[in-house]
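Reviewing the structure listed below.
Protein chains: 4
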Amino acid sequence: MSEPTCAEQLDEARRWWTTSIVDIHPGEIAMRGYPIEQLIGNVTFPEMIWLMLTGELPSRPKAQLLEAALVASVDHGPQAPSIAIARMAATCGPGLNGSMASAINVLDDVHGGAGQQCMEILYQVDAEAGPDGDLDEAARTVVARQRAEGLKYFPGFGHRFHPVDPRAPRLLGLVDAAAERGETSGRFAHLGRALEAAISAGRSRPVPMNIDGATAVIYCELGLPAPLGRGVFILSRSVGILAHAWEQTCQGGRIKGPQAKFLNYTYDGPARRDVPDVADRG
Amino acid sequence: MSEPTCAEQLDEARRWWTTSIVDIHPGEIAMRGYPIEQLIGNVTFPEMIWLMLTGELPSRPKAQLLEAALVASVDHGPQAPSIAIARMAATCGPGLNGSMASAINVLDDVHGGAGQQCMEILYQVDAEAGPDGDLDEAARTVVARQRAEGLKYFPGFGHRFHPVDPRAPRLLGLVDAAAERGETSGRFAHLGRALEAAISAGRSRPVPMNIDGATAVIYCELGLPAPLGRGVFILSRSVGILAHAWEQTCQGGRIKGPQAKFLNYTYDGPARRDVPDVADRG
Amino acid sequence: MSEPTCAEQLDEARRWWTTSIVDIHPGEIAMRGYPIEQLIGNVTFPEMIWLMLTGELPSRPKAQLLEAALVASVDHGPQAPSIAIARMAATCGPGLNGSMASAINVLDDVHGGAGQQCMEILYQVDAEAGPDGDLDEAARTVVARQRAEGLKYFPGFGHRFHPVDPRAPRLLGLVDAAAERGETSGRFAHLGRALEAAISAGRSRPVPMNIDGATAVIYCELGLPAPLGRGVFILSRSVGILAHAWEQTCQGGRIKGPQAKFLNYTYDGPARRDVPDVADRG
Amino acid sequence: MSEPTCAEQLDEARRWWTTSIVDIHPGEIAMRGYPIEQLIGNVTFPEMIWLMLTGELPSRPKAQLLEAALVASVDHGPQAPSIAIARMAATCGPGLNGSMASAINVLDDVHGGAGQQCMEILYQVDAEAGPDGDLDEAARTVVARQRAEGLKYFPGFGHRFHPVDPRAPRLLGLVDAAAERGETSGRFAHLGRALEAAISAGRSRPVPMNIDGATAVIYCELGLPAPLGRGVFILSRSVGILAHAWEQTCQGGRIKGPQAKFLNYTYDGPARRDVPDVADRG
Numbered sequence: 001m002s003e004p005t006c007a008e009q010l011d012e013a014r015r016w017w018t019t020s021i022v023d024i025h026p027g028e029i030a031m032r033g034y035p036i037e038q039l040i041g042n043v044t045f046p047e048m049i050w051l052m053l054t055g056e057l058p059s060r061p062k063a064q065l066l067e068a069a070l071v072a073s074v075d076h077g078p079q080a081p082s083i084a085i086a087r088m089a090a091t092c093g094p095g096l097n098g099s100m101a102s103a104i105n106v107l108d109d110v111h112g113g114a115g116q117q118c119m120e121i122l123y124q125v126d127a128e129a130g131p132d133g134d135l136d137e138a139a140r141t142v143v144a145r146q147r148a149e150g151l152k153y154f155p156g157f158g159h160r161f162h163p164v165d166p167r168a169p170r171l172l173g174l175v176d177a178a179a180e181r182g183e184t185s186g187r188f189a190h191l192g193r194a195l196e197a198a199i200s201a202g203r204s205r206p207v208p209m210n211i212d213g214a215t216a217v218i219y220c221e222l223g224l225p226a227p228l229g230r231g232v233f234i235l236s237r238s239v240g241i242l243a244h245a246w247e248q249t250c251q252g253g254r255i256k257g258p259q260a261k262f263l264n265y266t267y268d269g270p271a272r273r274d275v276p277d278v279a280d281r282g
Numbered sequence: 001m002s003e004p005t006c007a008e009q010l011d012e013a014r015r016w017w018t019t020s021i022v023d024i025h026p027g028e029i030a031m032r033g034y035p036i037e038q039l040i041g042n043v044t045f046p047e048m049i050w051l052m053l054t055g056e057l058p059s060r061p062k063a064q065l066l067e068a069a070l071v072a073s074v075d076h077g078p079q080a081p082s083i084a085i086a087r088m089a090a091t092c093g094p095g096l097n098g099s100m101a102s103a104i105n106v107l108d109d110v111h112g113g114a115g116q117q118c119m120e121i122l123y124q125v126d127a128e129a130g131p132d133g134d135l136d137e138a139a140r141t142v143v144a145r146q147r148a149e150g151l152k153y154f155p156g157f158g159h160r161f162h163p164v165d166p167r168a169p170r171l172l173g174l175v176d177a178a179a180e181r182g183e184t185s186g187r188f189a190h191l192g193r194a195l196e197a198a199i200s201a202g203r204s205r206p207v208p209m210n211i212d213g214a215t216a217v218i219y220c221e222l223g224l225p226a227p228l229g230r231g232v233f234i235l236s237r238s239v240g241i242l243a244h245a246w247e248q249t250c251q252g253g254r255i256k257g258p259q260a261k262f263l264n265y266t267y268d269g270p271a272r273r274d275v276p277d278v279a280d281r282g
Numbered sequence: 001m002s003e004p005t006c007a008e009q010l011d012e013a014r015r016w017w018t019t020s021i022v023d024i025h026p027g028e029i030a031m032r033g034y035p036i037e038q039l040i041g042n043v044t045f046p047e048m049i050w051l052m053l054t055g056e057l058p059s060r061p062k063a064q065l066l067e068a069a070l071v072a073s074v075d076h077g078p079q080a081p082s083i084a085i086a087r088m089a090a091t092c093g094p095g096l097n098g099s100m101a102s103a104i105n106v107l108d109d110v111h112g113g114a115g116q117q118c119m120e121i122l123y124q125v126d127a128e129a130g131p132d133g134d135l136d137e138a139a140r141t142v143v144a145r146q147r148a149e150g151l152k153y154f155p156g157f158g159h160r161f162h163p164v165d166p167r168a169p170r171l172l173g174l175v176d177a178a179a180e181r182g183e184t185s186g187r188f189a190h191l192g193r194a195l196e197a198a199i200s201a202g203r204s205r206p207v208p209m210n211i212d213g214a215t216a217v218i219y220c221e222l223g224l225p226a227p228l229g230r231g232v233f234i235l236s237r238s239v240g241i242l243a244h245a246w247e248q249t250c251q252g253g254r255i256k257g258p259q260a261k262f263l264n265y266t267y268d269g270p271a272r273r274d275v276p277d278v279a280d281r282g
Numbered sequence: 001m002s003e004p005t006c007a008e009q010l011d012e013a014r015r016w017w018t019t020s021i022v023d024i025h026p027g028e029i030a031m032r033g034y035p036i037e038q039l040i041g042n043v044t045f046p047e048m049i050w051l052m053l054t055g056e057l058p059s060r061p062k063a064q065l066l067e068a069a070l071v072a073s074v075d076h077g078p079q080a081p082s083i084a085i086a087r088m089a090a091t092c093g094p095g096l097n098g099s100m101a102s103a104i105n106v107l108d109d110v111h112g113g114a115g116q117q118c119m120e121i122l123y124q125v126d127a128e129a130g131p132d133g134d135l136d137e138a139a140r141t142v143v144a145r146q147r148a149e150g151l152k153y154f155p156g157f158g159h160r161f162h163p164v165d166p167r168a169p170r171l172l173g174l175v176d177a178a179a180e181r182g183e184t185s186g187r188f189a190h191l192g193r194a195l196e197a198a199i200s201a202g203r204s205r206p207v208p209m210n211i212d213g214a215t216a217v218i219y220c221e222l223g224l225p226a227p228l229g230r231g232v233f234i235l236s237r238s239v240g241i242l243a244h245a246w247e248q249t250c251q252g253g254r255i256k257g258p259q260a261k262f263l264n265y266t267y268d269g270p271a272r273r274d275v276p277d278v279a280d281r282g
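Going down the list, the sequences are from chains A, B, C and D.
Per this note's numbering, residue 1 is the first one in the first sequence, and the count goes up by one each step.
Per this note's numbering, residue 1 is the first one in the second sequence, and the count goes up by one each step.
Per this note's numbering, residue 1 is the first one in the third sequence, and the count goes up by one each step.
Per this note's numbering, residue 1 is the first one in the fourth sequence, and the count goes up by one each step.
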């Protein structure tokens with residue numbers, strides 16, 4: 001093999017990294033082909049997230065389902081390791097970026113992977129049913145198969161703390177309404193409920209869908225690959241991580257040790273109140 | 001000092017961590033007092049970000065300015081260390097969470113702090129002018145003082161690559177329009193332009209406001225504390241970091257070394273295209 | 001179930017975390033039962049690493065094998081993503097801790113896991129042979145089985161860059177010498193060479209053991225669990241990561257983009273020289 | 001400016017990154033000029049750390065002081081945020097690398113910077129005294145100056161938990177012994193004690209040197225730049241971080257929340273025992 005020429009070396013080096021996400025020239029920035037100045041002010045942040053991750057802009061109704069899921073997952077309190085880490089880190093000296101990095105890092109298979117794993121099962125049921133199959137039967141088949149393979153807890157169903165996770169029925173209601181308006185198929189909402197029924201069958205208590213299950217239904221309705229389910233969850237939970245890191249920064253404290261899970265923490269924020277209409281905000 | 005009683009010990013431990021962000025009871029989740037099921041579907045993701053960070057819901061027009069800033073900052077290509085790190089990490093084995101953490105971690109003072117630093121200067125000019133002072137004169141005073149203290153490059157102004165950063169005038173135009181409608185004061189847009197003029201005075205070429213300056217104007221219009229300017233920037237840039245980590249994951253590669261800054265990368269995405277109207281999307 | 005008493009709650013909370021590593025009281029610190037002031041000055045750093053990870057102090061000859069492995073793995077140049085990330089991070093603003101964290105984070109299965117994976121295979125061959133079996137035959141059996149299961153590249157063998165990795169024969173020679181002196185069994189050195197022969201059989205070129213294979217042999221000789229093989233590797237590579245982060249910090253640079261793998265980097269350090277005798281150092 | 005030629009572009013790209021740490025060619029690896037196969041088995045791990053960080057091999061006595069400091073700092077229990085984070089992370093899914101990264105990341109100015117800050121003050125006292133000045137007077141001058149500038153707690157002195165930190169006198173004793181043998185100057189041990197006296201003067205209780213102060217004395221004796229004081233501390237504490245992450249991994253647990261600082265943890269390891277002579281180990 002002869003030595004490559006200078007031009008060949010340069011060319012090979014230039015092809016080392018390739019992206020279809022962003023293209024930049026002096027005075028020009030385009031994302032997935034769209035000039036950034038057209039995107040700014042014309043697409044919502046969830047639409048931009050979708051464009052960046054999938055390459056195309058979603059319909060507005062689909063973007064609103066994504067938005068509901070992003071809103072739903074921002075935080076579940078400082079007893080979660082990710083939030084606890086963010087707060088402790090904020091008392092150790094790194095900036096908000098460092099506190100966020102240490103926290104986001106632990107949103108791995110166990111602490112941040114339930115939504116992704118639930119999506120994988122939903123896609124399995126979808127494939128099991130095929131275009132014309134019975135969805136409920138497919139759910140029962142997949143549940144039986146997974147149990148035979150040793151799965152004990154189905155990701156996306158049941159909650160150690162909430163008898164019913166208040167986020168799940170609300171999200172599912174939004175999917176139903178969108179399906180009624182023809183904005184989404186509703187197939188995965190059906191599949192999710194079929195899974196819930198199949199998992200709960202024969203138990204004294206039902207095992208209701210939780211936030212991970214309900215967001216998985218939405219991400220599957222939208223056609224997102226399962227690993228991106230975790231990615232989008234991280235974008236959402238980052239908001240809570242940042243809020244807690246910042247609150248702890250404002251509270252001060254140096255090298256602040258952890259709080260016991262058993263002892264809970266103290267809430268000193270506003271009392272319960274209703275979300276005002278848009279016209280009454282701000 | 002007598003030994004605290006058991007109840008006192010428990011009580012002290014419970015007060016160790018205090019938050020006004022989130023309150024959770026079985027079947028109940030409230031953020032800043034608002035039940036989560038009311039927030040889902042009724043507030044946008046940028047509004048939720050605002051609520052989590054500041055404690056209150058913004059007006060919709062203010063939320064739309066925040067949204068424009070979030071959309072504008074998602075990515076500036078794989079030559080930025082944060083994006084390069086995300087892509088390399090994705091070939092080393094950690095999940096998307098790990099790739100995101102390694103990348104977000106470097107959005108520190110130098111690589112991610114320009115917006116925050118520009119906000120600090122904008123707030124200095126604001127204070128210098130006081131309620132009735134001349135904004136342009138205040139900008140000149142602050143620029144002169146900062147230069148006397150050794151500042152050479154004003155964060156938020158000038159760009160090594162773009163003669164004019166296409167994101168900045170677009171964002172500033174949105175602030176102007178909102179100010180005309182009385183939705184925001186417009187004071188910081190004025191201050192930002194005054195800073196641009198003061199910095200550029202006497203130079204052969206103007207030093208135009210860049211993305212960090214324009215988002216700083218928006219975050220100051222909204223009254224965000226300067227450190228949260230970096231926090232919100234990280235929420236935005238996380239989208240690009242995730243998109244590149246995922247693209248690299250799909251491309252494959254193992255232990256993939258870096259690309260040279262000098263050689264650029266190859267873009268193989270869609271050609272330039274216009275952002276369609278909402279009715280024509282999806 | 002009756003509500004636990006205050007004392008029960010306190011007690012349960014106290015048991016939430018349990019460790020056998022460290023015990024601390026005012027004026028007293030003990031690691032694995034040994035007072036820290038007895039350890040300081042009496043055990044080497046590799047012996048301390050061993051004590052912390054396994055609970056007991058090693059013999060000095062075994063500690064010296066560990067030490068050789070720790071010395072061998074510190075660095076393999078800035079084209080490795082971990083080192084490249086450390087250098088880039090150092091130009092972005094986080095301290096040395098942040099640069100190290102972003103880099104260490106990517107030492108996952110792909111970039112940092114070969115030693116651990118090689119240990120797993122060595123332990124498989126060890127189990128296959130049993131106490132009296134033929135080691136070479138066991139190696140051939142495991143290689144054939146792994147290939148049948150789809151393994152193409154055996155972790156710990158072969159190198160894309162080095163025809164012979166200069167670290168491997170040196171480390172193996174130290175194991176041989178220790179085995180001759182009866183300080184270690186030498187069984188895993190035999191198994192490692194048997195694997196090398198089985199992997200190379202029928203190929204035009206041998207597939208020689210690399211650094212990951214040679215350190216895996218040492219860690220197996222010492223009886224380390226396979227996941228700790230990666231842990232100890234990280235302790236070693238952290239030294240190179242810190243050295244490069246610090247060198248880059250001293251060189252300066254802001255938001256410094258990556259270097260192309262194809263183009264290599266420039267070495268401007270001392271010319272080749274021999275390691276002086278201890279008496280001639282410092 | 002004319003377009004650079006292909007060769008110029010290649011050349012510029014090759015110079016983009018420069019290192020004097022490591023030089024690699026097929027079959028050859030040299031660290032600071034020394035062939036790796038000569039270093040393996042001939043230098044200790046602390047000597048290798050020194051070589052990588054400073055460019056030269058230390059004398060053995062100096063390396064032993066470094067070794068004592070590395071041994072001393074490995075762990076101070078799971079109530080420290082770094083160790084707490086490592087344990088929590090280990091229950092969330094990332095590998096040992098991810099748990100270590102999240103933990104190391106928080107060893108910033110506040111949680112990991114006291115040694116570095118103490119070194120800076122020691123170097124100030126050193127400069128204040130000059131070659132012939134009175135060391136005790138210089139210490140008093142610097143303490144008074146620092147207090148006038150607002151410093152309340154001197155990094156490296158005093159401990160919230162230990163009346164006397166058992167690691168500090170032991171380390172200082174090793175420096176004294178080395179100084180008596182002429183292996184190190186002992187100047188910074190003197191300066192450290194002078195600082196202790198100056199800080200304690202006029203107080204009802206002395207403010208004794210702690211582990212950060214004692215290791216700072218050693219690192220200054222060795223001539224390490226202050227920022228590397230933190231770097232070397234991280235290399236040491238990484239051992240404890242790894243040990244705790246691994247212990248928690250073996251204990252199991254999923255998404256395990258934090259332990260309360262007030263409640264302490266349970267120690268279930270070996271009872272107090274003496275470090276055996278080398279001949280009786282292993």
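C-beta atoms are modelled at their ideal positions from N, C-alpha and C, and glycine is treated no differently.
Assigned secondary structure, I24 of chain B (DSSP; H/G/I helix, E/B strand, else coil): strand
Rounded Cβ spacing between C118 of chain B and G158 of chain B (contact assumed at less than 8 Å): Rounded, the Cβ-Cβ distance is 11 Å, inconsistent with contact.
Whether I121 of chain B touches A103 of chain B by CB criterion (9 Å): no
Chain D contacts from the segment 188–199 of chain A (Cβ-Cβ distance under 8 Å): none
V71 of chain C beta carbon less than 9 Å from that of I21 of chain D: no
9 Å Cβ cutoff, L235 of chain A in contact with chain D: no
DSSP beta-bridge partners of P35 of chain C: C:A30
With 16 other Cβ atoms within 10 Å as the buried cut-off, status of K62 of chain D: buried
From D:I49, D:L10, D:M88, residue whose alpha carbon lies closest to that of A245 of chain D: D:M88
Selection of the segment 95–106 of chain D by Cβ proximity to chain B, strictly under 9 Å: G95, N97, G98, A101, S102, N105
Under 7 Å from the C-beta of Q38 of chain A: neighbouring residues of chain B: D274, V275
Near-chain A residues of the segment 14–27 of chain B - C-beta to any C-beta below 8 Å: R14, R15, W16, W17, T18, T19, S20, I21, V22, D23, I24, P26, G27
Buried/exposed call for G231 of chain A, threshold 16 Cβ in 10 Å: buried
Contact between the segment 235–252 of chain A and the segment 44–57 of chain B (3+ Cβ pairs under 8 Å): yes
Between the CA atoms of G202 of chain A and R140 of chain A - distance to the nearest angstrom: 12 Å
Cβ-based neighbour list, G240 of chain D, same chain, cut-off 7 Å, excluding 5 preceding and 5 following: V74, D75, I83
Minimum length 4: unbroken alpha helix (DSSP H) runs contained in the segment 115–171 of chain D: 135–148
C-beta neighbour in chain B for R254 of chain A, strict 9 Å: no
Buried versus exposed, by CB contacts within 10 Å (16 or more), E196 of chain B: buried
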